[in-house]
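First comes the structure, then the notes that go with it.
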Amino acid sequence: MSLKLKMWRSTRVFVCIVVLSLKASSSTIQLPDCPKIITRAEWQARPTRGRSALPGPVQYVFIHHGASGDCFTPDQCAATVRRYQNYHMDSHKWDDIGYSFLVGEDGNAYEGRGWDRVGAHTLGYNTVGLGFCMIGNFMQRLPNKAALNTLKQLIACGVQNGKIQSNYTLRGHRDMGSTSCPGTTFYNLIQTWPHYT
Ligand SMILES: [Zn+2]
Numbered sequence: 150m151s152l153k154l155k156m157w158r159s160t161r162v163f164v165c166i167v168v169l170s171l172k173a174s175s176s177t178i179q180l181p182d183c184p185k186i187i188t189r190a191e192w193q194a195r196p197t198r199g200r201s202a203l204p205g206p207v208q209y210v211f212i213h214h215g216a217s218g219d220c221f222t223p224d225q226c227a228a229t230v231r232r233y234q235n236y237h238m239d240s241h242k243w244d245d246i247g248y249s250f251l252v253g254e255d256g257n258a259y260e261g262r263g264w265d266r267v268g269a270h271t272l273g274y275n276t277v278g279l280g281f282c283m284i285g286n287f288m289q290r291l292p293n294k295a296a297l298n299t300l301k302q303l304i305a306c307g308v309q310n311g312k313i314q315s316n317y318t319l320r321g322h323r324d325m326g327s328t329s330c331p332g333t334t335f336y337n338l339i340q341t342w343p344h345y346t
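Heads up: the sequence shown is residues 150 to 346, going by my numbering.
The following block contains the structure:
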């Protein structure tokens, strides 16, 4: 290969890397009218192994729970999000944490794959929706008010910023597959929310 071609190729690779890192930067995550989102850098995410673009606005909002222990402080919640990521990448061999976003009972939202990447949360529907995971286990109880408010704000901000269709359809994970997710008590609540069908 000629030197010129080599240089052009390496420049092209460099440009791609720059574009990808810009895309992954927090500026694309903190959209206007959104709750504060703890970025991947802030919760110390492992680098992703791949990314495919999710064209928005999406039709579906899927609600999940992590079926894990509770978290009520940013430190606890960040540690739980890291555990989810390890589980998804090491046991499931996925490219990254599966969810688009996560919400903790510390009242914070956590960036998973974000608004613009296809997730691994709702088998068969990952390319048509975003997956929001409530951190904890909500079979027997509801998430606290702070977490519920943040989740609602996050969905509203997705609509405001053209990531979610304004006439979106809200579903629980169990509506789309054989799972108890997002937990019976929480599932009963989301069925009363607008856009649930
Ligand atoms: Zn789920």
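A virtual CB, placed ideally from N, CA and C, is assigned to each residue, including glycine.
Beta-carbon spacing of residue i, residue j below 8 Å
i	j	result
Y274	F211	yes
R262	D239	no
T328	M288	no
H214	C282	yes
V267	L203	yes
Q193	R231	yes
T222	D255	yes
Y236	H270	no
L319	Y336	no
Q314	P206	yes
K185	N293	no
L303	F250	yes
G253	I284	yes
Q208	G278	yes
N316	S217	no
K312	W264	yes
Residues bridged to residue i [DSSP beta-bridge criterion]
i	result
G209	Before going on, a small fix: residue 209 reads as Tyr here, not Gly. Answer is G278 and T318.
A126	What is shown of the chain runs 150 to 346, which leaves residue 126 out entirely.
I178	In the DSSP output, where bridge partners are listed per residue, I178 has none listed.
I304	Note: I304 sits in no beta bridge, so no partner.
Continuous alpha helix (DSSP H) stretch holding residue i: start and end
i	result
Y233	P223 to N235
Y345	Y345 -> no alpha helix (DSSP H), and no H or E assigned at all.
A190	R189 to W192
I339	T333 to I339
- prompt: If you scan the stretch 237–300 from start to end, which runs of the alpha helix (DSSP H) of 4 or more residues do you find wholly inside it?
  reply: none
- prompt: Got a list of residues with beta-carbon closer than 5 Å to any non-hydrogen atom of ligand 1, in chain order?
  reply: H213, H322 and C330
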